[in-house]
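Student: In the order they appear, the protein sequences are chains E and F.
The working numbering numbers the first residue of the first sequence as 1419 and each following residue consecutively.
The working numbering numbers the first residue of the second sequence as 1419 and each following residue consecutively.
Glycine residues also receive a C-beta, built at the ideal position from the N, C-alpha and C atoms.
These numbers come from a predicted model, not from an experiment.
Number of protein chains: 2
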Amino acid sequence: MAVTIKDVAKKAGVNASTVSRVIKDSSQISDRTKTIVRKAMAELGYTRNAAAQILASGKTNTIGVVFPPVDNKSSQPFFMKILTAINETARESNVSIAIATGHTQKELKKQVQLMYSERRVDGFIVLYAGKTDSVREYLFGNNIPYVLVGTPSEHQNEITHVDNDNKLLGHEAVRHLAQLGHKNIAFVTDTKEGEVFAERFQGFNEEMMSRGLTSSLLKFGQNFSIGKATALIVIDDVLSLRVLERLKAQNLSVPDDISLITFNNSIFGTIMHPFLTTFDINVTRLGAASVGKFLDLLNSTSHYHEKTVIPFELILRESTKAK
Amino acid sequence: MAVTIKDVAKKAGVNASTVSRVIKDSSQISDRTKTIVRKAMAELGYTRNAAAQILASGKTNTIGVVFPPVDNKSSQPFFMKILTAINETARESNVSIAIATGHTQKELKKQVQLMYSERRVDGFIVLYAGKTDSVREYLFGNNIPYVLVGTPSEHQNEITHVDNDNKLLGHEAVRHLAQLGHKNIAFVTDTKEGEVFAERFQGFNEEMMSRGLTSSLLKFGQNFSIGKATALIVIDDVLSLRVLERLKAQNLSVPDDISLITFNNSIFGTIMHPFLTTFDINVTRLGAASVGKFLDLLNSTSHYHEKTVIPFELILRESTKAK
DNA sequence: CTGAAAGCGCTTACAG
DNA sequence: CTGAAAGCGCTTACAG
């Protein structure tokens, strides 16, 4: 029914193997033959059968994308954005994407295992980092090719990963505020878990110290108070929205009374005024790089695991102001 | 290298075709044989090769999920949520998911065409409705099985689709407000495009009329003013956040001065106070039903296209109050 | 209830 | 530069 390589071969007056070679643009085929075969393909409307190609070649040319096993997490715009970027970059290299989602770590692991053992994917891109979970243990333990988006807590030297420089991000946040004349700067977070917090906070600390300023850490919760801070560095823009609300309730105006800078540049930063001054972490490039690195991993004989650092960019908006 | 059906057959002392039948739990195989074969599979750690199975059977058992061709749209939590639901439901029926994303309609169409012609998918679930675009024209014109999430503007009777009853949603919003004693109720939107607006607004109108109330439509923009309204029905919760901010700027308090009810129950409804009273549209069931309907479509010989209506639920929170 | 055989549509050494 | 052949790992009529 559907047109196959044989139909093309017959029409072009060549062997099927020649058609196959033309498809992959093999250098051993003469230009004359290529032209003839391509014409035949076009006339018949040939498209290759993916399953046949995968079975015969032994390569799936598809990457499994693993989402974090927590519902609320994946509702963040970040995930949809990076999925789009990954999909687009992959397509440019003619590779497909399969996705793995699950409510629990166990479900997720089952799915990842199945995908790999059914030979649906060549490996994975994992969209969460931090502490090793059973999914990543499985990948790591079985030497399955994968790259992490984010920074792992352990084995950093043995895992290919792609991330921003979160420590530098902490430094830069302080720098921006200090340039505006702020000295009493506090770091605000709702969680002390994870590498992202650890690194951004460390960078903050280092920069404060190097400027002879005393740093303070504010945990956002019930009785949140900014003390004598004149500027806040908030761990991400969703929390910033809550902080903003609390400040308003305390009759503190941003940026007039207090400056606020944050990270990620998600859609949450421009929903309400003041629009947030924030660091864009370049999700599109994170996604593109993760695909690139994965493909490198697959093709390289050497098992060299490196970290790729994606640059960020300060987006100046309305929430910071000179003191 | 990997263990195949042949290895299992040898170990179990049967023919490969028998193993194949055991895998699909064919009723023609004796229980005794099934037990023996399953034991052999377990001992060898057999998993079937997806590509071989697809090639031999001619069925891909995978569904292509098509995202809307607009960036900002897909950043809404809705899409990640429904993708997760679709993936989970599909997995329960042993079907896989492939995704199609693109910045433009043209890109998207190219991708959809390729997926289908390479025989990677049996058909599609399209995550946007409204007016027909070139992607859906292609699907419709070529008789490719697909289901729509949402309500199409045309051919409603010839397209299988899954949606909430948006008109009823409009009715119910008025009902809730009327029960609280409100009479001056306005509908607020930032766009008049699309079936969602059309239907919710129509339901609003009908219900207002049947109660002898005069309905009014407010377009949200520069000089937004609520007039003499005491209650607002806002098209979705993202816009609600902006409306809330504008009201605050006008020294109007929600819900004390004015009530606000909205739709979708996304994460945006509980970021800031007042938490929004909203209708949950049950995204998880939308996703699950779209998979179910798609599978029905594939297996049915009759080409009967129906609409599936997913129930919604009122989530009472802080933004509405008795007058 | 089970086996033997052909076939799905490609790829890839091997020859020439 | 091209062809003939074997093989990838399944499924599925066909027989018995």
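1. First and last residue of the beta strand (DSSP E) that includes D1581/F?
2. Please classify H1589/E: is it buried, with 16 or more other beta-carbons within 10 angstroms of its beta-carbon, or exposed?
3. Per DSSP, L1732/E forms a beta bridge with which residues?
4. So that I know if they touch, is there some Cβ in chain F lying closer than 8 angstroms to that of M1459/E?
5. Quick one: what does DSSP say L1635/F is sitting in, helix, strand or coil?
6. Look up I1562/F in the DSSP assignment and say whether it is helix, strand or coil.
7. Where does L1659/F land, buried or exposed, given buried means 16+ other C-beta within 10 angstroms?
8. Are the segment 1451-1471 of chain E and the segment 1453-1462 of chain F touching by the rule of at least three beta carbon pairs closer than 8 angstroms?
9. Does DSSP put G1710/F in a helix, in a strand, or in coil?
10. Are the CB atoms of I1603/F and L1631/F nearer to each other than 8 angstroms?
11. On the DSSP letters alone, give me the boundaries of the beta strand (DSSP E) that A1518/E sits inside.
12. Tell me which residues of the segment 1638-1665 of chain E have at least one Cβ-Cβ distance to chain F shorter than 9 angstroms, keeping chain order.
13. By the DSSP assignment, the alpha helix (DSSP H) with S1475/F in it spans what residues?
14. When the distance is taken between beta carbons, is I1685/F closer than 8 angstroms to P1486/F?
15. Is it right to say A1667/F is buried, meaning 16 or more other beta carbons lie within 10 angstroms of its own, or is it exposed?
16. Check whether the segment 1629-1643 of chain E and the segment 1594-1610 of chain E are in contact - that is, three or more C-beta pairs closer than 8 angstroms.
17. How long is the line joining the alpha carbons of K1637/E and K1725/E, rounded to whole angstroms?
18. Along the segment 1460-1480 of chain F, where does the CB come closer than 7 angstroms to a CB of chain E? Name the residues.
19. Which bits of chain E does A1516/F rub up against, with CB to CB less than 8 angstroms?
20. Cβ atoms of S1677/F and T1607/F: under 8 angstroms apart, would you say?
21. Would you call the CB atoms of I1543/F and I1504/F closer than 8 angstroms?
22. Distance, Cα to Cα, N1561/E vs V1709/F?
23. To be precise: take each residue of the segment 1556-1587 of chain E, compare its Cβ to all Cβ atoms of chain F, and keep it if any distance is under 8 angstroms. Which residues remain?
24. My output table needs one value for V1727/E: the three-state DSSP class, helix, strand or coil.
25. Quick one: list the residues of chain F neighbouring E1536/E, beta-carbon separation under 8 angstroms, in chain order.
26. Hey, I1481/F and A1518/F are a contact pair by Cβ (cut 8 angstroms); roughly how many whole angstroms apart?
27. Quick one: is H1600/F near chain E, going by C-beta distance under 8 angstroms?
28. Whole angstroms is fine: what's the gap from K1549/F's alpha carbon to Q1529/F's?
Tutor: On the basis of the data shown:
1. 1579-1582
2. buried
3. F1697/E
4. no
5. strand
6. coil
7. buried
8. no
9. helix
10. yes
11. 1514-1518
12. V1656, L1659, R1660, L1662, E1663
13. 1468-1475
14. no
15. exposed
16. yes
17. 30 angstroms
18. T1465, R1466, N1467, A1468, A1469, A1470, I1472, L1473
19. S1514, I1515, A1516
20. no
21. yes
22. 34 angstroms
23. none
24. strand
25. T1465, R1466, N1467, A1468
26. Not confirmed; about 11 angstroms, so no contact.
27. no
28. 20 angstroms
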